[in-house]
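So the protein sequences, as listed, match chains A and B.
Okay, so the first sequence: first residue is 1 according to our numbering, each after it adds one.
Okay, so the second sequence: first residue is 113 according to our numbering, each after it adds one.
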Amino acid sequence: MKIDVAELDGGLTKVALNGRMDIDGTNAVDLPFNTVAGSKSHIVVDMSEVSFLASLGMRTLVTCAKTVSRRGGGLVLLNPQPNVEKVLRSAGLDTVIPIVADIPAARAALRV
Amino acid sequence: MPGTLANAAAASRWLDGIANAEALSSETAFALEVCLEELLTNIVRHGTASRHDGSLTAVSLQVAVEPARAFLVVEDDGPEFDLGSAPGRRVDRPLEQLEPGGLGIQLIKSLTSKVTYERLAGKNRVVLEFSRRSEHGSEAAHG
């Protein structure tokens, strides 16, 4: 699994995840993702290339969102694939980590 | 197979091969794979980790596919855990109060049409049933 980080205008950081966020994939991105969450305040996580997600991957998303939130920031999920979005909503994760369809919606949710 | 996270990844690839061979829809294959990962990570965490002699929980997997349903059968010789009676937990509190983890049972229950649990001869036996009706359109849905 790959993780790419890009700085966008207005203090928004885009974290693009790519691959299967299964046991191996989550282990691969957990540390770099947490490192980004520890230093950035407004993060949009591009989920469009994530083809698999279960509770282990959700744990990483929750941990990073909490890290950012503790510093007064926020984290949103951008454009997940239908199967991934279904499990996010089944778990109720969308109630604490908003799911958005595009970057303007991410900016609106994060107020940046 | 021995219950390790490395084998869980291998089991996922095995299941993916079956999904392709049986031409399961993306939705059904995804549901099977999520549930397999949830069950195996649970077995490794609570089964293998609880053993003091260093031995590994023995796990066996079976998949069966019928026209309208698919089944995932997982047996392990770890501590008794009645998945059928265990409550699923959705996120029910603000992010700041949320503890990471604990969502796996909810995912299994939301993705399956039936969960059956038995404790037989010192083993947990979980049978998960998945509906394939959405794969076949209205004909199967009414049949």
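In this text, a Cβ means the ideal position worked out from N, Cα and C, and glycines have one as well.
In this text the structure is predicted, and so the values were computed from the model without any measurement.
**Prompt:** Using a beta-carbon distance cut-off of less than 7 angstroms, what residues from the region 6-27 of chain A approach chain B?
**Reply:** Near chain B, meaning a CB-to-CB distance below 7 angstroms, the residues of the region 6-27 of chain A are ASP22, ILE23 and ASP24.
**Request:** Would you check if the region 42-50 of chain A and the region 64-78 of chain A touch, i.e. whether three or more CB-CB distances between them fall below 8 angstroms?
**Result:** Yes: the two stretches touch, three or more of their Cβ pairs being nearer than 8 angstroms.
**Message:** So if DSSP puts ASN18 of chain A in a beta bridge, which residue, or which two residues, is it bridged to?
**Reply:** For ASN18 of chain A, which the question treats as bridged, DSSP gives the partners A:LYS2 and A:GLU49.
**Prompt:** In terms of residue numbering, what span does the alpha helix (DSSP H) encompassing ASN79 of chain A cover?
**Reply:** Premise fails: ASN79 of chain A is in no alpha helix (DSSP H) and is neither H nor E.
**Residue-chain proximity (ALA253 of chain B, chain A), Cβ-Cβ < 9 angstroms** = At ALA253 of chain B, the pLDDT of 41 sits below 50, so the modelled position is not reliable and the matter cannot be decided from this model.
**Request:** List the residues that DSSP assigns as beta-bridge partners of SER172 of chain B.
**Result:** Under DSSP, SER172 of chain B takes part in a beta bridge, and its partners are B:GLU187.
**Request:** Report back the beta-carbon spacing between THR140 of chain B and PHE242 of chain B to the nearest angstrom; my notes put them in contact at under 8 angstroms.
**Result:** Confirmed, Cβ separation roughly 6 angstroms.
**Asked** Does the beta carbon of ALA120 of chain B sit closer than 9 angstroms to a beta carbon anywhere in chain A?
**Response** Yes, ALA120 of chain B lies at the interface with chain A (some Cβ there is under 9 angstroms from its Cβ).
**Asked** If we cut at 9 angstroms on Cβ distances, does VAL186 of chain B have a partner in chain A?
**Response** No, VAL186 of chain B lies away from the interface with chain A (no Cβ there is under 9 angstroms from its Cβ).
**Request:** Count the other CB atoms, across all protein chains shown, that sit within 10 Å of the CB of LEU110 of chain A; report buried if there are 16 or more and exposed otherwise.
**Result:** Of the residues assessed, LEU110 of chain A falls on the buried side of the cut-off, its CB having 16 or more other CB atoms within 10 angstroms.
**Message:** Using CA atoms only, rank isn't needed, just tell me which of A:LEU56, A:GLY74 and A:LYS86 is closest to PRO98 of chain A.
**Reply:** Nearest Cα to PRO98 of chain A within the set A:LEU56, A:GLY74 and A:LYS86: A:GLY74.
**Asked** Relative to chain B, which residues along the region 50-67 of chain A have a C-beta separation below 7 angstroms, given in chain order?
**Response** If the cut-off is 7 angstroms between Cβ atoms, the region 50-67 of chain A has PHE52, ALA54, SER55, LEU56, MET58, ARG59, VAL62, THR63, ALA65 and LYS66 near chain B.
**Asked** Would you call the CB atoms of LEU136 of chain B and VAL177 of chain B closer than 9 angstroms?
**Response** Closer than 9 angstroms, so yes.
**CB contact below 9 angstroms: THR35 of chain A versus chain B** = The C-beta of THR35 of chain A comes no closer than 9 angstroms to any C-beta of chain B.
**Asked** Is ARG244 of chain B buried or exposed, if buried means 16 or more other CB atoms sit within 10 Å of its CB?
**Response** Result: buried.
**Request:** Can you tell me which of the three DSSP states ARG231 of chain B falls into?
**Result:** Per DSSP, reduced to three states, the secondary structure at ARG231 of chain B is strand.
**Prompt:** If you draw a straight line from the alpha carbon of SER90 of chain A to that of GLU49 of chain A, how long is it in whole angstroms?
**Reply:** Between SER90 of chain A and GLU49 of chain A, the alpha-carbon positions lie close to 20 angstroms from each other.
**Prompt:** Closer than 9 angstroms, CB to CB, is PHE142 of chain B near chain A or not?
**Reply:** Residue-level contact check: PHE142 of chain B touches chain A, since one or more beta carbons of chain A fall below 9 angstroms from its beta carbon.
**Request:** Confirm, please, whether the CB-CB distance from GLN218 of chain B to ARG237 of chain B is below 9 angstroms.
**Result:** No, the Cβ-Cβ distance between ARG237 of chain B and GLN218 of chain B is not below 9 angstroms.
**Message:** Rounding to the nearest angstrom, what Cα-Cα distance links ALA170 of chain B and ASP128 of chain B in this structure?
**Reply:** When the Cα atoms are used, ALA170 of chain B and ASP128 of chain B turn out to be separated by approximately 21 angstroms.
**Neighbour-count burial assignment, ARG20 of chain A, 16 or more Cβ in a 10 Å radius** = Its Cβ being crowded by 16 or more others within 10 Å, ARG20 of chain A is buried.
**Message:** Distance check for SER246 of chain B and ALA108 of chain A, CA to CA, integer angstroms please.
**Reply:** Computed Cα separation, rounded: 35 angstroms.
**Request:** Output, in chain order, the set of chain A residues within a Cβ distance shorter than 7 angstroms of LEU215 of chain B.
**Result:** Chain A residues near LEU215 of chain B: SER55, MET58 and ALA91.
**Asked** LEU12 of chain A bridges to which residues according to DSSP?
**Response** In DSSP, LEU12 of chain A forms a bridge with A:LEU8 and A:HIS42.
**Prompt:** When DSSP labels each residue in this structure, what does PRO114 of chain B get in the three-state scheme?
**Reply:** DSSP, reduced to helix, strand and coil, places PRO114 of chain B within a strand of the structure shown.
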